[in-house]
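Here our numbering is used: the first residue of the sequence shown is 36, the next is one more, and so on.
C-beta atoms are modelled at their ideal positions from N, C-alpha and C, and glycine is treated no differently.
Working notes, beginning with the structure itself.
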Amino acid sequence: QVQLEESGGNLVQPGGSLRLSCVASGNIFSFYAMAWYRQAPGKQREFVARITRGGSTNYVDSVKGRFTISLDNAKSTVYLQMNSLKPEDTAVYYCSLYSAFEYWGQGTQVTVSS
Numbered sequence: 036q037v038q039l040e041e042s043g044g045n046l047v048q049p050g051g052s053l054r055l056s057c058v059a060s061g062n063i064f065s066f067y068a069m070a071w072y073r074q075a076p077g078k079q080r081e082f083v084a085r086i087t088r089g090g091s092t093n094y095v096d097s098v099k100g101r102f103t104i105s106l107d108n109a110k111s112t113v114y115l116q117m118n119s120l121k122p123e124d125t126a127v128y129y130c131s132l133y134s135a136f137e138y139w140g141q142g143t144q145v146t147v148s149s
């Protein structure tokens, strides 16, 4: 069993920054990547960023240059540094872990509004 707990969501003004964290626990020894997804109201969940255990990353085009994903293997924690936030970044952000199965956290709300 794997547990993922996200934190760091908040209300922020356009142009501001937030850092999301996701701590993984349980049977995580064989995981090979972690990722962030988001779901805005009335929209489908979309991929945001992914990082492998070796440090390779990829991002959706809309966040390139603004968001940075990082992984602390020792703490089993993945981070998402979000800069230059826009109202269209408003969504519930979910953490995902890839091993033999894919696991999901409960999500953390990010609201970008003045």
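Residue i and residue j closer than 8 angstroms at C-beta
i      : j      : result
Ala70  : Ser131 : yes
Val58  : Ser111 : yes
Val83  : Ile63  : no
Gly51  : Leu120 : yes
Gln116 : Arg73  : no
Glu40  : Gly142 : no
Ala109 : Arg85  : no
Ser42  : Ser56  : yes
Inter-residue CB distance, residue i and residue j (contact presumed, cutoff 8 angstroms)
i      : j      : result
Thr125 : Val147 : 5 angstroms
Gln48  : Ser149 : 5 angstroms
Residue i, DSSP secondary structure in three states
i     : result
Ser60 : strand
Ser52 : coil
Inter-residue Cα distance where the pair is residue i and residue j
i      : j      : result
Tyr129 : Gly89  : 21 angstroms
Ser91  : Gly77  : 31 angstroms
Tyr114 : Ile104 : 6 angstroms
Gly44  : Val145 : 5 angstroms
Ser65  : Tyr138 : 13 angstroms
Asp96  : Glu123 : 13 angstroms
Asn93  : Asn118 : 17 angstroms
Phe136 : Glu81  : 19 angstroms
Val127 : Leu46  : 12 angstroms
- Item | 3-residue-minimum beta strand (DSSP E) runs that sit fully inside the region 79-122, ordered along the chain | 81-87, 92-94, 102-107 and 112-117
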